[in-house]
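First comes the structure, then the notes that go with it.
What follows is the structure, given as structure tokens:
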């Protein structure tokens, strides 16, 4: 009997994966300032030989042809990250900030950052209002933790609001937080913005492997890269009607009370928007078992992803979420590179797997072929 693609384990190129991740991390892309990261991804997709198109604002949709066109599948991750925006220029010349995305000012304190203004890019540091122990003594430790209690000190000669405004810095300017990436011999990667550039890198590694090994998906597969997930928009405007099922790749919160791990794939069964598709989630779990991919399940209480934005926009699709475990999500994040490899392996297993629900090829159909769920 001849072997098929699915009979041969995929060889994920770890150097390719980590190289793409490093390049993404070093390209600032807070929500609203993602153009250069989009250009980077477009160059990479072109190098892989994939056809792709962009929405007006820059979400990317690439198609990898399958043996059949429908019911098409989609894989999605977001390239935008957390960041900040100038709320006000203070009389001192320093900048009041508001967050882009949901993250605590606790993790902003001490961060190096770049503010992108009409006058150019300026470096600076985000500091608590009471930043000097020699001046404020114990008040440094007792001041509140919130965004009104921090400010951006620009590394330019500025002593007043007028000085700062003369630099071209103004209300609404985007602030990108330095990622500070560091890769360890142990396989750990520590950086800000691993959410979700780790997911994007895993998708690219899966794509590179599929193309290099001439592996053919079962049906057309769309590889989507969104630009506004951190503010809740995500995959709301990048799907095509033929897509019947979408797997989101994002971080899994590794913390006390969670079943996620920094190792293997964590398959989310639900998040704050409700359960993911029963059939698709269980298919992914079974594929992980069949392909000996380390995995665990989890439920996230305070979490949403590209799946939620697609459904809220009216997409009638099955959705699921596969994650790589992140310690200290939306803070100083840490992952293990082996988890990204396992995510890439599971994505390949999924796109090569047979379509069980053939009825999904049509948006509307009769009851014939509709699914069952066990009740006994």
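Numbering (this note's numbering), first residue to last: -1 to 374. Note that beta-carbon positions come from the ideal geometry of N, C-alpha and C, so glycine has one too. No experiment lies behind these values; they were computed from the predicted model shown.
- Contact between the segment 235 to 246 and the segment 54 to 64 is present, with at least three C-beta pairs closer than 8 Å.
- Going by DSSP, residue 223 is part of the beta strand (DSSP E) stretching over 217 to 224.
- Pairing residue 68 with residue 364, the inter-Cα distance amounts to about 17 Å.
- Counting along the chain, the unbroken alpha helix (DSSP H) around residue 284 starts and ends at 276 to 288.
- Nearest neighbour of residue 230 by Cα position, chosen from 255, 216, 174, 307, turns out to be 307.
- If you draw a straight line from the Cα of residue 18 to the Cα of residue 202, it is about 8 Å long.
- Taken atom to atom, the span from the alpha-carbon of residue 57 to that of residue 248 is near 16 Å.
- Put simply, the backbone Cα of residue 162 is about 15 Å away from that of residue 123.
- Rounded to whole angstroms, the Cβ separation of residue 12 and residue 199 is 11 Å, and the two are not in contact under 8 Å.
- Under the DSSP assignment, residue 156 falls outside any beta strand (DSSP E); it carries neither an H nor an E label.
- By the Cβ neighbour-count rule, residue 264 is buried, with 16 or more other Cβ atoms within 10 Å of its own.
- Proximity to residue 142 across 133, 128, 151 peaks at 128, based on C-alpha coordinates.
- Sixteen is the threshold: when 16 or more other Cβ atoms of the shown chains lie within 10 Å of the Cβ of residue 10, as they do, the residue is buried.
- A straight line joining the alpha-carbon of residue 298 with that of residue 32 spans about 27 Å.
- Taking C-beta atoms under 8 Å as the contact rule, residue 81 and residue 174 qualify, at a distance of about 6 Å.
- In this structure, residue 76 lies near residue 232, with their beta-carbon atoms less than 8 Å apart.
- The beta carbons of residue 189 and residue 148 sit no closer together than 8 Å.
- When the five nearest sequence neighbours on each side are left out, the beta carbons in the same chain lying within less than 7 Å of the beta carbon of residue 86 are those of 94, 169, in order along the chain.
- Looking at the DSSP output, residue 323 shares a beta bridge with 250.
- Counting only the Cα atoms, residue 110 lies some 29 Å from residue 336.
- Residue 88 is a Cβ neighbour of residue 159, given a cutoff of 8 Å.
- DSSP places residue 296 outside any alpha helix (DSSP H); the residue lies instead in the beta strand (DSSP E), whose first and last residues are 293 to 297.
- Residue 312 is classed as exposed because its beta carbon has fewer than 16 other beta carbons within 10 Å across all chains shown.
- According to the DSSP secondary-structure assignment, residue 97 is paired through a beta bridge with 82.
- Within the model, the alpha-carbon separation for residue 166 versus residue 357 is close to 57 Å.
- Residue pairing from DSSP places residue 244 in a beta bridge opposite 72, 317.
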